[in-house]
């Protein structure tokens, strides 16, 4: 034994360890590259990951492990998707008698834009509803009073699914209302994203102690960027199956613009009453079943027909990592292609896919008025510079680009031809299209479009137009920074 120890001790293990570690890293890199190629993902994104692995192997492996793996093919998301499809199919079958006639009526009133709703129906992504009232809410100043009044009037249940809920003035007022409703016997189901709501503090614990059903979506051990994939980015509230809220405004003081925070936040939300609330409810209950593992039945009062009779046609579109199609992106591209004369888009994070970039360019080149409203200063250095790299091809095609200078514009809206509107939680980037759970409302209605157009016109008063000639004369160093950050765009 002593001789063996002496023999082993006398060997210089350094070159062997170096060779072994090199072989291990090389084999790992080859395996990861092979996996990326087998996934048949977007070629640009695949090349970006492969180059990262080649030039900075260790960092590349870490980034790919946290950001690059396709969880849509893993069991936990695939199983959720299959169950959701069955749940959605059952609900659609119960409404099938009316769907065909509604599609015909929408065709008569909105022409080819009905094809968008037909695409959503045929792909099992949404069910068109007609008897709705939809109200545009601008900023937290309009949203929070409407939400809190609806919550205080709740009689049976309150369902909340949110990306960001913060323990601040808004969060504490929400907590107080929910505690009062729990004392009155109102059911409260509460889902929050663990990464987005990293300042929620004791709100979930207090709600649980008072009888609420509280679930955290995709818990994380450490809140940092490498956990940013596969988040629940939705903002959904349903009260008594009668009133619904969705859009871009989180439950946070920042959106209130009461002077407490220096930065002005511009955002847009929706209040929905009518049959579309059933679809919003359905999407919430899909998330609820995923996090709680509990089966939920279609029954009154969770689902009920609207008492009002209107013609505000509305589709509710949900997308998630397990979706068969990047439905948010598909809806945006199709809406742009169906436009007849004008397209107005507001979004805080503009890293478009090739499909969206091409659709906008072709729309502008064909003589349609295309207006794009973006923040002058973003909240992410890399994302902001990557977004700026897309300005030149858009300006050359005739797209009108404006930078919002009053503060940070966080709204995610689109208006097409004064009769089609998109209000959502969806950013124009790969993360929202492929990695996050998102929610959107597609509203086929002139009044809603008029409201959004008024807001857009008001936002332009605080915006600066981007001139093509001046843009092309920008500092070469800034342009280099834009292009360098754009290389990371497929990974953002």
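Numbering (this note's numbering), first residue to last: 89 to 580.
By construction, the Cβ of each residue, glycine as well, lies at the ideal position given by its N, Cα and C atoms.
Pairing residue 280 with residue 250 gives a Cβ-Cβ distance under 8 angstroms.
By the criterion of at least three beta-carbon pairs nearer than 8 angstroms, the segment 357-373 is in contact with the segment 321-331. Counting along the chain, the unbroken alpha helix (DSSP H) around residue 376 starts and ends at 364-380. Distances from the alpha-carbon of residue 535 to those of 445, 405, 417 and 400 put 400 closest. For residue 419, the secondary structure class from DSSP, reduced to helix, strand or coil, is helix.
Of the candidates 383, 527 and 111, the residue whose Cα lies closest to the Cα of residue 368 is 527. In this structure residue 355 is in contact with residue 498, their Cβ atoms being roughly 4 angstroms apart against a cut-off of 8 angstroms.
For residue 191, same chain residues with a beta-carbon under 8 angstroms away, outside a window of 5 residues either side, are 202, 205, 206, 209 and 216 in chain order. Around the beta carbon of residue 271, fewer than 16 other beta carbons lie within 10 angstroms, which makes this residue exposed. Taking the CA atoms as reference points, residue 194 sits about 15 angstroms from residue 397. Here the alpha carbon of residue 553 sits roughly 6 angstroms from the alpha carbon of residue 489. In the structure shown, residue 291 adopts helical secondary structure according to DSSP, grouped into three states. By the 16-neighbour rule on beta-carbons within 10 angstroms, residue 429 is exposed. DSSP, reduced to helix, strand and coil, places residue 254 outside both helices and strands of the structure shown, so it counts as coil. In the DSSP assignment, residue 228 falls within the unbroken alpha helix (DSSP H) covering 227-240.
Following the DSSP letters along the chain, one finds residue 281 inside the beta strand (DSSP E) bounded by residues 275-281.
Following the DSSP letters along the chain, one finds residue 512 inside the beta strand (DSSP E) bounded by residues 508-512. The secondary-structure analysis by DSSP pairs residue 465 with nothing; it has no beta-bridge partner.
The Cβ neighbour count for residue 213, taken over all protein chains shown within 10 Å, is at least 16; the residue is labelled buried.
From the listed residues 437, 493, 542 and 229, the smallest Cα separation to residue 469 is found for 437.
Around the beta carbon of residue 463, 16 or more other beta carbons sit within 10 angstroms, so the residue counts as buried. Contact between residue 434 and residue 333 does not hold, since their C-beta atoms are separated by about 19 angstroms, which reaches or exceeds 8 angstroms. In the three-state scheme derived from DSSP, where H, G and I count as helix and E and B as strand, residue 297 is classed as helix. Residue 243 sits away from residue 276, with the two beta carbons spaced by 8 angstroms or more. Setting aside the 5 residues that flank it on each side, residue 405 is surrounded in the same chain by 208, 213, 214, 415, 416, 419, 528 and 530, each with a C-beta closer than 7 angstroms to its C-beta; the list follows chain order. For the pair residue 496 and residue 560, the Cα-to-Cα distance works out to about 25 angstroms. Residue 359 counts as buried, since at least 16 other C-beta atoms from the protein chains shown sit within 10 angstroms of its C-beta. Per the coordinates, the alpha-carbon of residue 550 lies some 12 angstroms from the alpha-carbon of residue 352.
In the DSSP assignment, residue 559 forms no beta bridge with any residue.
Between residue 267 and residue 247 a beta carbon distance of about 16 angstroms is seen, past the 8 angstroms cut, so the two are scored as non-contacting.
Residue state for residue 358 is assigned as strand, using DSSP reduced to three classes. In this structure, 461 is the residue among 278, 452 and 461 with its C-alpha nearest to the C-alpha of residue 548. Taking C-beta separations shorter than 8 angstroms and ignoring five residues to either side along the sequence, the partners of residue 421 in its chain run 443, 444 and 447, following chain order. In terms of CA proximity to residue 512, 501 leads the group 282, 392, 521 and 501. The residue from 357, 472 and 454 with its alpha-carbon nearest to that of residue 234 is 357.
Residue burial annotation: residue 472 is buried, with at least 16 other C-beta atoms found within 10 angstroms of its C-beta.
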